[in-house]
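Remarks on the structure that follows.
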Amino acid sequence: MNDLAYLDPPIEVLAASPRLDMILSRLRSGRMRPFRADFPISRASSEALLVDTKSLDRETLDHFIQNAGETVRPILVLGDPAIATHFSNAVVVPRDRDLSVLRGRLDAVTRRSARMSELQLRSKTAAAFGVNLPAPIVETVPDLLYLGDGSSRFLALQAALGERGITVTAAFSAHTAADYVKQRVFAAILVDITPETKSLDKLANWVSAAVQSFEDTPLLGLLDPSVVPTPAFESLASHMSDVFDHGTAARDLAAHVEAHGRRHAQRSVVTLGDAALSAICHPDTGLYSQRFFEVHLQNQITLSTERGDPLTLLVVCDPQHDRLTPRERSLVADTILSGVRETDLPATIDPDTFAISLPATSYKGAVHICERLFRGLDRTTPHLASRLGWRITEKRAYHDSERLLSEARSGVYQKSRMG
Numbered sequence: 001m002n003d004l005a006y007l008d009p010p011i012e013v014l015a016a017s018p019r020l021d022m023i024l025s026r027l028r029s030g031r032m033r034p035f036r037a038d039f040p041i042s043r044a045s046s047e048a049l050l051v052d053t054k055s056l057d058r059e060t061l062d063h064f065i066q067n068a069g070e071t072v073r074p075i076l077v078l079g080d081p082a083i084a085t086h087f088s089n090a091v092v093v094p095r096d097r098d099l100s101v102l103r104g105r106l107d108a109v110t111r112r113s114a115r116m117s118e119l120q121l122r123s124k125t126a127a128a129f130g131v132n133l134p135a136p137i138v139e140t141v142p143d144l145l146y147l148g149d150g151s152s153r154f155l156a157l158q159a160a161l162g163e164r165g166i167t168v169t170a171a172f173s174a175h176t177a178a179d180y181v182k183q184r185v186f187a188a189i190l191v192d193i194t195p196e197t198k199s200l201d202k203l204a205n206w207v208s209a210a211v212q213s214f215e216d217t218p219l220l221g222l223l224d225p226s227v228v229p230t231p232a233f234e235s236l237a238s239h240m241s242d243v244f245d246h247g248t249a250a251r252d253l254a255a256h257v258e259a260h261g262r263r264h265a266q267r268s269v270v271t272l273g274d275a276a277l278s279a280i281c282h283p284d285t286g287l288y289s290q291r292f293f294e295v296h297l298q299n300q301i302t303l304s305t306e307r308g309d310p311l312t313l314l315v316v317c318d319p320q321h322d323r324l325t326p327r328e329r330s331l332v333a334d335t336i337l338s339g340v341r342e343t344d345l346p347a348t349i350d351p352d353t354f355a356i357s358l359p360a361t362s363y364k365g366a367v368h369i370c371e372r373l374f375r376g377l378d379r380t381t382p383h384l385a386s387r388l389g390w391r392i393t394e395k396r397a398y399h400d401s402e403r404l405l406s407e408a409r410s411g412v413y414q415k416s417r418m419g
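Going by this note's numbering, the residue at position 45 of the sequence shown is 45; the numbering climbs one at a time, nothing skipped.
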């Protein structure tokens with residue numbers, strides 16, 4: 001039988017014997033590919049680094065902290081949580097027994113590392129244009145607010161979201177939910193409705209009255225198919241952006257909630273209200289300008305090469321090169337902003353061509369994002385979904401920004417399979 005261990009995610013381990021062998025063994029049992037770390041520690045690597053504070057002396061730890069500097073690579077601290085405070089992208093692993101189930105948390109922290117790298121690079125590019133973007137913060141995915149009686153799905157969903165770094169705040173009444181919403185912003189609000197749900201009228205009234213106060217927070221429904229529709233139920237359902245039944249796999253639901261949690265950040269950069277942003281934004285669409293995009297794409301290529309991460313470029317336009325009306329151009333831009341991730345950089349190229357750079361994303365991942373964008377177009381403007389085409393090009397070793405963008409815009413455009 002072929003050994004497929006090479007497909008497991010790699011993780012560098014900074015530890016000393018005899019604990020080193022134990023850590024390596026537990027990580028392998030958790031379907032990870034560990035290898036021993038040596039100084040100097042690479043700051044540019046995208047691979048996770050686990051630091052065992054129990055086996056390393058203070059001098060080694062201090063040397064590591066000084067050597068790692070302001071790295072944004074994923075760092076996992078096994079033991080002393082105080083060490084994690086020295087890094088912007090660190091996760092504490094309190095117990096040795098947690099090592100065998102670390103893979104889920106590693107996925108979340110790796111995504112966070114990729115995000116921090118991209119946003120820091122974006123700020124650097126913007127600074128070259130005389131624009132100061134807000135400093136990126138590590139935590140951008142707030143809690144999920146769960147509102148329900150606590151069905152059997154709750155614990156499974158809570159565990160699945162926990163693997164993605166999202167915690168769940170439970171409210172078992174509309175009154176409690178109202179208090180939570182006033183206190184902080186949530187990634188999404190999930191309403192769990194079963195035949196046993198109590199006070200559905202009160203819940204529907206609260207949502208109807210408060211919907212304006214959290215208009216940018218998606219309201220998701222988890223519905224039992226046996227629920228009998230009532231006016232209160234129908235009123236509540238009318239405010240839901242997405243509805244799932246109780247048979248939806250918890251991991252699938254968690255992935256959807258996480259995607260929605262990042263959508264709030266996907267707003268035109270023009271909304272920052274700084275007149276200087278005209279230097280990096282397209283005046284009509286609110287997406288990034290072509291000049292900014294070309295400069296930043298070269299920076300992304302350089303970083304991608306250093307870290308060994310994939311980088312893909314998605315281009316959307318009318319293959320017949322017909323002009324879009326200002327209204328159509330705005331509709332496409334709005335759909336792109338609502339469908340891409342925070343790390344994706346969308347731009348308007350020429351007047352009627354849109355390009356999106358997708359860091360740390362393979363060709364297959366880019367296809368999924370493209371399909372999601374066209375599903376959004378198909379829901380709002382079917383004629384544009386059938387009219388526009390797309391091309392995806394993955395960065396190769398010979399690419400610079402000019403050549404990558406040229407290849408992505410040349411050749412045959414694929415058409416959406418919607419409808």
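Note that CB positions come from ideal geometry on N, CA and C, so glycine has one too.
Rounded to the nearest whole angstrom, the CA to CA distance from S113 to S304 is 13 Å.
When K415, T125 and T176 are compared, the shortest CA-CA separation from W206 is found for T176.
Per DSSP, E394 is one residue of the beta strand (DSSP E) stretching across G389 to E394. Shown here, G30 sits in coil according to DSSP, grouped into three states, outside any helix or strand. Annotation for Y180: L145, T169, A171 and F186 place their beta carbon closer than 8 Å to its own, counting only its chain and skipping 5 residues before and after. Only exposed fits L155, as fewer than 16 other CB atoms lie within 10 angstroms of its CB. The beta carbons of D98 and G148 sit no closer together than 8 Å.
With fewer than 16 other beta carbons inside 10 angstroms of its own, P231 counts as exposed. At the C-beta level, R103 and A250 stay beyond 8 Å of one another. Considered as a whole, the stretch 302-346 harbours 326-339 as its complete alpha helix (DSSP H) runs of no fewer than 4 residues, in chain order. Residues I166, T167, V168, T169, R184, F186 and A187 of the same chain have their beta carbon placed closer than 8 Å to that of D143, with the five preceding and five following residues left out of the count. Look at V228 here: in three-state DSSP terms it is coil, with no helix or strand label. In the displayed model, E47 falls within coil according to three-state DSSP, outside both helix and strand. With a cut-off of 8 Å on Cβ pairs, the stretch 401-413 is in contact with the stretch 301-317, counting three or more such pairs. Pairing Y288 with L345 gives a Cβ-Cβ distance under 8 Å. In terms of CA proximity to L236, K202 leads the group K202, A385, H63 and L106.
Beta-bridge partners assigned by DSSP to E12: F35 and L49. Across the structure, V92 and L161 are spaced so that their CA atoms are roughly 17 Å apart.
A residue is called buried when at least 16 other Cβ atoms come within 10 angstroms of its Cβ; L7 does not meet this threshold and is exposed.
No Cβ-Cβ contact shorter than 8 Å links N67 with F87. Residues S357 and S401 of the same chain have their beta carbon placed closer than 6 Å to that of L297, with the five preceding and five following residues left out of the count. Three or more pairs of CB atoms, one per stretch, sit closer than 8 Å, so the stretch 18-27 contacts the stretch 47-57. For E294, the closest of H399, R95, P283 and A82 by C-alpha to C-alpha distance is H399.
Assigned with DSSP and collapsed to three states, Y363 falls in helix. In this structure, DSSP gives L277 a helical state, which the three-state scheme calls helix.
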